[in-house]
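When we follow the numbering used here, the leftmost residue of the sequence shown carries the number 13, and every step to the right adds one.
Quick reminder that beta carbons are idealized off the backbone N, C-alpha and C, glycines included.
Okay, so here's the structure we're looking at.
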Amino acid sequence: MTAIIGISAAQLSEQVPNTISRNGTFVGGDYISVVAKSGAAPFVIPVTDTNLVTTFVNQIDGLILSGGQDVSPSLYGSEPTAKLGHTSHARDIFELALLQEALAQKKPILAICRGAQLLNIALGGTLHQDTSYMERANLSHMQEETATTATHPVQITETSRLFKMLGNTAQVNSFHHQAIDVLGAGLHVSATAPDGVIEAIEKPGAPFVIGVQWHPELIAETDIGMQRLFQEFIKSAEHSAIKQFYNAAPINFKKRATLR
């Protein structure tokens, strides 16, 4: 059974030159290609009315929360600081509702960069609005190298689910200046950078709820460990699809009996 993977999208609000489009929905092509190469069907979820989140989550077997702009500190009761970047209130509210519904339906979740930060907030955690004050001279969390280049190591907790996929260390790319501060309820830290920044979190006991601060979709082409991360996520989504099918099967059989 082919799993359907929902991928949360960003909004493009600027006019595209010489076109009739004044706004749009955007998902990086690497998210789509890595899902397809892992044997699942990518399904882009636009920022829209929060009343539709249940419909969206009903249709998918797993959710990828994609990266993007900063998350507003208003979501965790803080005031913006001078180094807070661009935020999107509409995206924050929609994705938070989408995430909460996916958690409620126990659908597998892979939260990437901004997505990991939002996962932490959804469970009551907070963020550092900027990490530059804690960065070492030889470790930048907003790298200048190409996106497909891994630039720093992370140390992975041996008791974590991530450890089974990546081992005790991994080399990752890095494009963030916000980071997890207070950990959300029920979450465990599963990876950290050499400077102490939290790089991955997960929710023990859930089918698959993992958040990573790096962008595995950009380095999966050449990194076997990142390929395994997506494969395990897709495998969990396939189990979710099969479970959903069999839970619905008795209803289908009743309908067939009625028709006869």
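When DSSP states are grouped into helix, strand and coil, residue 71 belongs to the helix group. By the Cβ-count criterion, residue 194 is exposed, with fewer than 16 other Cβ atoms from all chains shown falling within 10 Å of its own Cβ.
Under the three-state reduction of DSSP output, residue 82 falls in the strand class. The shortest CA-to-CA distance from residue 204 to any of 198, 196, 215, 192 is the one to 192. One Cα belongs to residue 117, the other to residue 157, and the distance between them is close to 39 Å. With a minimum length of 3 residues, the unbroken runs of beta strand (DSSP E) contained wholly in the region 123-183 fall at 164-168.
Shown here, residue 59 sits in coil according to DSSP, grouped into three states, outside any helix or strand.
Between the region 155-169 and the region 118-137 there are fewer than three inter-stretch CB-CB distances shorter than 8 Å, so the stretches are not counted as touching.
Taken in chain order, the complete alpha helix (DSSP H) segments of 4 residues or longer contained in the region 183-255 are 228-231. Around the beta-carbon of residue 61, fewer than 16 other beta-carbon atoms lie within 10 Å, marking it exposed. For residue 111, the enclosing alpha helix (DSSP H) covers residues 101-116. Bounds of the alpha helix (DSSP H) holding residue 48 are 41-49. For a cut-off of 8 Å, the C-beta gap from residue 74 to residue 245 is around 6 Å, short enough to register as a contact.
A direct Cα-to-Cα measurement between residue 85 and residue 210 gives close to 18 Å. Under the three-state reduction of DSSP output, residue 37 falls in the strand class.
Taken atom to atom, the span from the alpha-carbon of residue 48 to that of residue 257 is near 21 Å. Judged by their CB atoms, residue 159 and residue 227 are nearer to each other than the 9 Å cut-off.
Looking at the backbone, the Cα of residue 131 and that of residue 14 are separated by about 26 Å. Residue state for residue 96 is assigned as coil, using DSSP reduced to three classes.
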